[in-house]
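Working notes, beginning with the structure itself.
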Amino acid sequence: MNVSDYKDLYLSEAEEALQSLENGLVGLESAAEPLPTINDLFRHAHNLKGNSGAMGYEETVEASHALENALDGLRRGGTVTTAKIGCMLGVVDILKKLVKCAVGDADSAAAQGAEDAGAPGPAGSAACPGGRNAKSVQLLSEALVLLSNIADDQSTADSVTRPVSPLETGSESPGILGHRITSTKVELERLDRIMDLVGELTISRIRLSAIASDLGSKPLIDELALSWRLISQIQKEVMEARLIPAGQIFQRFNRLVRDVSHETGKRVRLEIAGADIGLDRVVLESMVDPLVHLIRNAIDHGIEPPAERAAAGKPEEAILVLSARRERNNVALEVSDDGRGINLDKVARAASASGISRAKAADLTEEDVCRIITTAGFSTAETVDTLSGRGIGMNIVKKTVDSLGGSIRIRTAPGAGTTCTLLLPINLSIIKALLFSVGPDVHALPIEYIKKTNRFEQGSLKTVRGDLVLPTDDGVIPVVMPSEILGCAFEAGDGRYAKVVVVDTGTRRIAVVVNGIIGQQDIVIKALPPLFRGLRGISGATVLGSGKVAFIWDPHILFEGRCTYESDQTAVVSEN
């Protein structure tokens, strides 16, 4: 993990914990029932210790741990006195300086060190043997001395030496009380409400643009163009504010990998990549359960025991990689292992036995494998245990990814491992889409799936094995009529030409015949009403400027199992 990516987040949480410690200690002095306050103080000190440990800030960890011990003494019946509280407040002041040193504010730390020492130079920033910062070591030592004064076996509490508060001396530096606030915490519900309002503002702008076009008012159209730029900037800022680094979720899986590895008797090391990639918080939170299933499957099914790996010439310790990366307008979350790979013979036999597929192992494509192993009830496990065997884990993964408008890809190689990729939208609220008409209705496709739009001469479509195909400069593309997928009547029209939208799902290209192409537009995704939620391949709806509702297609679901080949030109010529 690159800790520099999390410094701002760490600093924000550390400042909150330190302020809570300070407020709690001040309130403890007059608390009628001190135990609840002491418990809260202990929790804040423990959180600071844990966060500092995750970042590798050892001096802050040690000082926080020492403060924990002192608070634990009070929790176990120690006497709460003004002198003890004063010493603890002094330790909180030291912790503030340690945090500043730890996050790399060298100038502030050095200046504070020079001020404390009464020396003009930044001598406090020199390094100690072992790579430790001399100033941090000095601060830790001061904290430990303060806390040693308040051991519970001390009978005369008022004799404890209490440090003089910086407020009393007027020597407080801007690095502590005068620290400039650079971030704030906002309730996620408030961000969601703001995002909803931006969405409604976008819909209103689309409607106004339609009215302005009908009126033909150039000043109004120009003013709306300016307002749209401002709305777009607001939209971008709000969406960025909703993004959460994938690492905030990824770090939770270290414990899971350790526990499952021990349970299965395997040696597995988790590596994390792309932890700084941002995802909408709803998407990221929804991915916790799917990632749990994928990680368990990888360790239980994919990764071999140490002896088997050694016999195959592999290191006994397996590597499991959890990564995130940008892919077009999506984020790809991947769980990749260097295990034995998926046994396709086993998959084919189990699929045949359950009636899912009759294909032979040699004929299974990556898409076939993905479709089979994500089917409810499918499992190659011979017994059911606490980790697998019920055939529901991968189906849960698929359902969750489908509900977010994403897709799954699975790549495997015998003896080399398996990679499961979850392709997910970065944001769920506003997307750029291509609008097109099918009969009297308007539909939308996310723009990242659009390869191109084209027209063809009526009657120029060819057939291969009874299926329509469209010859193009880029090869022959299977053709789908809207009536096949939507069950609606479709009339191509009386003109010489008809129009197609060429869709690229990442695994195949498909040409969809449409009546007309309206153009690109930012659209606000709305959830489908309960009546329509059973429609497969429709991920949501949007309101157009005319007030009409357009359905948003999910091509991965809509074209699943259709046009699984792309014919070559020779096949077209020979058959036609």
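Numbering (the numbering used here), first residue to last: 7 to 582. Note that CB positions come from ideal geometry on N, CA and C, so glycine has one too. Because the structure is a prediction, the values reported are computed rather than measured.
Ordered along the chain, which non-local residues of its own chain (more than five positions away) have a Cβ less than 7 Å from that of residue i?
i    : result
A231 : none
S26  : H50
A556 : L441, V448, H449, A450, A547, T548 and L550
E174 : With a pLDDT of only 42 at E174, under 50, the local geometry of the prediction cannot be trusted, and the value read off the model is given with reservation. If we look at E174 and ignore the five residues flanking it on each side, it has no Cβ neighbours.
L226 : A218
L194 : R287
S267 : R273, V274 and I305
I believe residue i touches residue j by the beta-carbon criterion, under 8 Å. Please report the beta-carbon distance rounded to the nearest angstrom.
i    : j    : result
V274 : I305 : 6 Å
V143 : K13  : Their Cβ separation, rounded to whole angstroms, is 21 Å, which puts V143 and K13 out of contact at 8 Å.
S341 : C426 : For the sequence presented, residue 341 should be read as Val rather than Ser. Correct: roughly 5 Å between the Cβ atoms.
V86  : L47  : Not confirmed; about 11 Å, so no contact.
A149 : A72  : 6 Å
G96  : L152 : 5 Å
L197 : A247 : 6 Å
P296 : V407 : 7 Å
N139 : C107 : 6 Å
S70  : L54  : 5 Å
W234 : R211 : 6 Å
With a Cβ-Cβ cutoff of 8 Å, do residue i and residue j count as a contact?
i    : j    : result
P561 : T511 : yes
V289 : I240 : no
T208 : V530 : yes
G599 : R331 : The structure shown does not extend to residue 599, since the chain is modelled only from 7 through 582, so no value can be given for it.
V337 : I255 : no
A504 : F565 : no
V506 : K457 : no
T380 : M400 : yes
D201 : S435 : In the sequence as displayed, the identity of residue 201 is Met instead of Asp. A contact, by the Cβ cut-off of 8 Å.
A216 : S552 : yes
R542 : I558 : no
L101 : L24  : yes
T459 : I524 : no
V98  : E28  : yes
I378 : A357 : yes
By the three-class DSSP mapping on this structure, what secondary structure does residue i have?
i    : result
I301 : helix
R196 : helix
S154 : helix
F565 : coil
S36  : coil
G184 : Confidence is the limiting factor: at G184 the pLDDT is only 49, short of 50, which leaves the residue's position unreliable, though a coordinate-based value still follows. It is coil, neither helix nor strand.
S552 : coil
A439 : strand
Q526 : strand
P420 : coil
T85  : coil
L428 : strand
P452 : strand
F384 : coil
R291 : According to the sequence provided, residue 291 is Glu. The question's Arg does not apply to it. If DSSP states are grouped into helix, strand and coil, E291 belongs with the helices.
G79  : helix
T250 : Per the sequence presented here, residue 250 reads as Ile, with Thr not at that position. The answer is strand: DSSP assigns I250 an E or B state.
V97  : helix
R332 : strand
N460 : strand
D374 : helix
E277 : strand
R235 : helix
I309 : coil
D447 : strand
L326 : strand
L476 : strand
I283 : coil
K13  : helix
With a CB to CB cut of under 8 Å and the five nearest residues on each side skipped, what residues in its chain are close to residue i?
i    : result
Q526 : K438, A439, L440, L441 and I453
Q424 : Sequence check: residue 424 is Thr here, not Gln. Counting only Cβ-Cβ distances below 8 Å, and skipping sequence neighbours, we find A304, G308, S342, D343, G345, G347, I348, I416, R417 and T418.
Excluding five sequence neighbours on each side, which residues of the same chain lie with their C-beta closer than 6 Å to the C-beta of residue i?
i    : result
A316 : E322
V375 : I416
S329 : A279, G280 and E340
L474 : L467 and V485
D164 : At D164, the pLDDT of 42 sits below 50, so the modelled position is not reliable and the matter cannot be decided from this model.
L15  : none
A367 : L350, D351 and A354
message: For the structure I just gave you, are there three or more beta carbon pairs, one from the region 294–309 and one from the region 258–267, closer than 8 Å?
response: Verdict: yes, contact present.
**Message:** Measuring CB atoms only, is the region 148–158 touching the region 67–80, in the sense that at least three cross pairs come out at less than 8 Å?
**Reply:** Cβ pair count under 8 Å is three or more, so yes.
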